[in-house]
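Asks:
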Amino acid sequence: MSDNNHFDYIIIGNGLAGLQLALKMVSDAFFNDKTIALIDASDKKINDKTWSFWEKESSQWDDIVHKSWQKASIFTSKKHIALHLKPYQYKTIRAIDFYNKAKATLSKHKHIHFIVDAVTGVKSLDLVTVKTELNTYSCTHAFDSRISEEFTLTSKNNTTLIQHFKGCIIKTDSDVFNEETITMMDYRLKDGNQTTFTYVLPFSKTEALVEFTYFTASIVKEETYDKFIKTYIKHYLNIDDYSIIETETGQIPMTTFPFEKSNTKNITKIGTAGGWVKASTGYSFKHTEKKVAKLIENIKANRIPSYKLFKTKYKFYDKIFLKVLKDENHKGEWLFEQFYDKNSIQTMFKFLDEESSFIEELKIMRSLFSWSFTKAFFKTL
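In terms of the numbering used here, the sequence shown opens at residue -4 and continues consecutively.
#1: Check for me: the beta strand (DSSP E) holding aspartate 322 runs from which residue to which?
#2: Just how far apart, CA to CA, sit phenylalanine 26 and aspartate 58?
#3: Hey, out of Glu206, Ile354, Gly116, whose CA is closest to glutamate 243's CA?
#4: Restricting to Cα atoms, I'd like to know which of Ser68, Phe48, Thr71, Ala67 is closest to valine 60.
#5: Who are methionine 179's beta bridge partners in DSSP?
#6: Would the beta-carbon of serine 301 fall within 9 Å of that of lysine 264?
#7: Three-state secondary structure (DSSP) at glycine 245?
#8: According to DSSP, simplified to helix, strand and coil, what is tryptophan 49?
#9: Quick one: is leucine 129 buried, meaning 16 or more other Cβ sit within 10 Å of its Cβ, or exposed?
#10: To the nearest angstrom, how far is it from the Cα of aspartate 43 to the Cα of lysine 98?
#11: Do lysine 62 and lysine 86 have their C-beta atoms closer together than 9 Å?
#12: Buried or exposed, going by whether 16 or more other CB atoms sit within 10 Å of the CB of asparagine 233?
#13: Does the beta-carbon of aspartate 170 have 16 or more other beta-carbons within 10 angstroms, so that it is buried, or is it exposed?
#14: Leucine 33: which of Gly8, Ile224, Trp56 sits nearest, CA to CA?
#15: Look at the Cβ atom of glutamine 189, then the Cβ atom of asparagine 324, and state whether they are nearer than 9 Å.
#16: Does leucine 11 pass the burial test, meaning 16 or more other C-beta atoms within 10 Å, or should it be called exposed?
#17: In chain order, what residues of the same chain have a beta carbon less than 7 Å from the beta carbon of asparagine 338, not counting five sequence neighbours either side?
#18: Looking only at its chain, what residues have a beta carbon closer than 7 Å to the beta carbon of phenylalanine 192, apart from the 5 residues adjacent to it on each side?
#19: Where serine 143 and proline 253 are concerned, what is the direct C-alpha to C-alpha distance, given to the nearest angstrom?
#20: Can you name the start and end residues of the beta strand (DSSP E) that serine 133 belongs to?
#21: Would you mind listing the alpha helix (DSSP H) stretches within the stretch 42 to 117 that are 4+ residues and don't spill past its ends, in chain order?
#22: With H, G and I counted as helix, E and B as strand and the rest as coil, what does DSSP make of glutamine 15?
#23: Below 9 Å between beta carbons: does that hold for methionine 249 and glycine 266?
#24: Kindly indicate which three-state DSSP category lysine 40 falls into: helix, strand or coil?
#25: Mind checking whether phenylalanine 146 and alanine 36 have CB atoms under 9 Å apart?
#26: Using only the alpha-carbon positions, how far apart do lysine 347 and asparagine -1 sit?
#27: Could you compute how far the alpha carbon of lysine 377 sits from the alpha carbon of phenylalanine 223?
#28: DSSP puts leucine 33 in a beta bridge; with which residues?
#29: From the DSSP output, in three-state form, read off valine 171 for me.
#30: Secondary structure at glutamine 189, three-state DSSP: helix, strand or coil?
#31: Within 10 angstroms of the Cβ of histidine 79, are there 16 or more other Cβ atoms? Answer buried if so, exposed if not.
#32: Near isoleucine 299, which residues of its chain fall below 7 Å by C-beta distance, leaving aside the five closest residues on each side in sequence?
#33: Which of the three DSSP states, helix, strand or coil, is assigned to glycine 195?
#34: Just checking my contact of aspartate 23 with isoleucine 291 at CB under 8 Å: how many whole Å lie between their CB atoms?
#35: Can you tell me whether alanine 288 is buried or exposed? The criterion is at least 16 other CB atoms within 10 Å of its CB, across all chains shown.
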């Protein structure tokens, strides 16, 4: 193996986690003399998803934020909950804008190497060997975003749901959307007794993302999403004439599977494969940012990168929540109504960001008190 094929670090996968990690590395002088390779089978030239998140302050992402809001609505079959988000803003970033920003920034650094190839295997001996379809590389440490085969084979042994969805960006000829307010969850249109909701991000008065989402154990056919999206647009948005200018689909595991157990001294799983997606909600953008910062901190302190990457109490809360949703999937609407009707949105954002106080967590748990949660609590224990 030639020296040209050896790197200090190899990042496998140029998705959210891989690119955020590389960006953090090039922003820190500690890594100036380290060679870093990013390997992905795709050159990331397609807008394949949308990431949304909330934050209080300006951040490094502001120049690529597609739209932000300070108001939100949640609709249930019983009520409309109006949410004023200040001091938070809810922000959306298109994947293509993120990819372009990341590639433009990283390409300015000579110690960054992009390799377009598919990884077929990773082994760790004295060095980590990364095999691809076209070549073999080595490194001191690999950050791997590929979901392990063990999850595919054993996920049924854990509490696992799938957040799966299809979204359409629609455009109308006339002004129909309130561009100041997002619909975070609308439970009025259901697929049976399952937890399903519609999510609407109005980018302007004439353009919006309309997404139909499931929190269920199994996925559905694409025409099922299409049917509910069409129904929602016609009967809830009261729109008859529109054009679809873009679509996106996704499947996000919501699971108690211990992804972190795949981490070793020389290989760290990142992103979804590392359990970085918030198990109870599927949100990942800001959680990824925090995990990346912790990885960097650990590397600089000469610790294993995955050292203390997770907060135990929040994993426990997620387990209880998922257990209720898995055992009684029809209660999803009730759960989220209690969350946002009995607690301030600011408290909920702190809780979901894993920055809440014990008193705030106690209040949230009290708002969800029910026989279902009591059973789930003791089953989780």
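By construction, the Cβ of each residue, glycine as well, lies at the ideal position given by its N, Cα and C atoms. In this text the structure is predicted, and so the values were computed from the model without any measurement.
Replies: Looking at the coordinates:
#1: Segment 307 to 322 is the alpha helix (DSSP H) holding aspartate 322; no beta strand (DSSP E) there.
#2: Roughly 25 Å separates the two Cα atoms.
#3: Comparing Cα-Cα distances from glutamate 243 to each of Glu206, Ile354, Gly116, the minimum goes to Glu206.
#4: When the alpha-carbon of valine 60 is set against those of Ser68, Phe48, Thr71, Ala67, the nearest one is in Phe48.
#5: Bridge partners of methionine 179: none, in fact.
#6: Their beta carbons are under 9 Å apart, which means serine 301 touches lysine 264 by this criterion.
#7: Of the three classes helix, strand and coil, the one that applies to glycine 245 here is strand, per DSSP.
#8: It is a strand residue.
#9: Around the beta carbon of leucine 129, a 10 Å sphere encloses fewer than 16 other beta carbons of the protein chains shown; the residue is thus reported as exposed.
#10: Between aspartate 43 and lysine 98, the C-alpha separation is close to 16 Å.
#11: Going by C-beta atoms, lysine 62 is nearer than 9 Å to lysine 86.
#12: It counts as exposed.
#13: Exposed, by the Cβ-count rule.
#14: Looking at the Cα atoms, Gly8 is the closest of the given residues.
#15: In contact: glutamine 189 and asparagine 324 (Cβ atoms closer than 9 Å).
#16: Around the C-beta of leucine 11, 16 or more other C-beta atoms lie within 10 Å, and the residue is accordingly described as buried.
#17: Only Lys358, Ile359, Ser362 meet the Cβ criterion.
#18: Hits under 7 Å: Met180, Asp181, Tyr182, Thr208.
#19: So the two alpha carbons sit approximately 11 Å from each other.
#20: 131 to 139 is the span of the beta strand (DSSP E), which, as asked, contains serine 133.
#21: Correct list: 90 to 101.
#22: Helix at glutamine 15.
#23: Not closer than 9 Å, so no.
#24: Correct three-state label for lysine 40: coil.
#25: Alanine 36 is positioned such that its CB atom lies no closer than 9 Å to that of phenylalanine 146.
#26: Note that residue 347 corresponds to leucine in the displayed sequence, not to lysine. Taking C-alpha positions only, leucine 347 is separated from asparagine -1 by approximately 43 Å.
#27: The structure shown has nothing for residue 377, since the chain only spans -4 to 376.
#28: For leucine 33, which the question treats as bridged, DSSP gives the partners Ile6, Phe109.
#29: In this structure, valine 171 counts as coil in the three-state DSSP scheme.
#30: Coil at glutamine 189, not helix or strand.
#31: With fewer than 16 other Cβ atoms within 10 Å, it is exposed.
#32: Closer than 7 Å at the Cβ level, and outside the excluded window around isoleucine 299, lie Lys260, Asn293.
#33: In the sequence on display, residue 195 carries valine and not glycine. Annotated three-state conformation of valine 195 is strand, per DSSP.
#34: So it is a contact: roughly 6 Å between Cβ atoms.
#35: Exposed.
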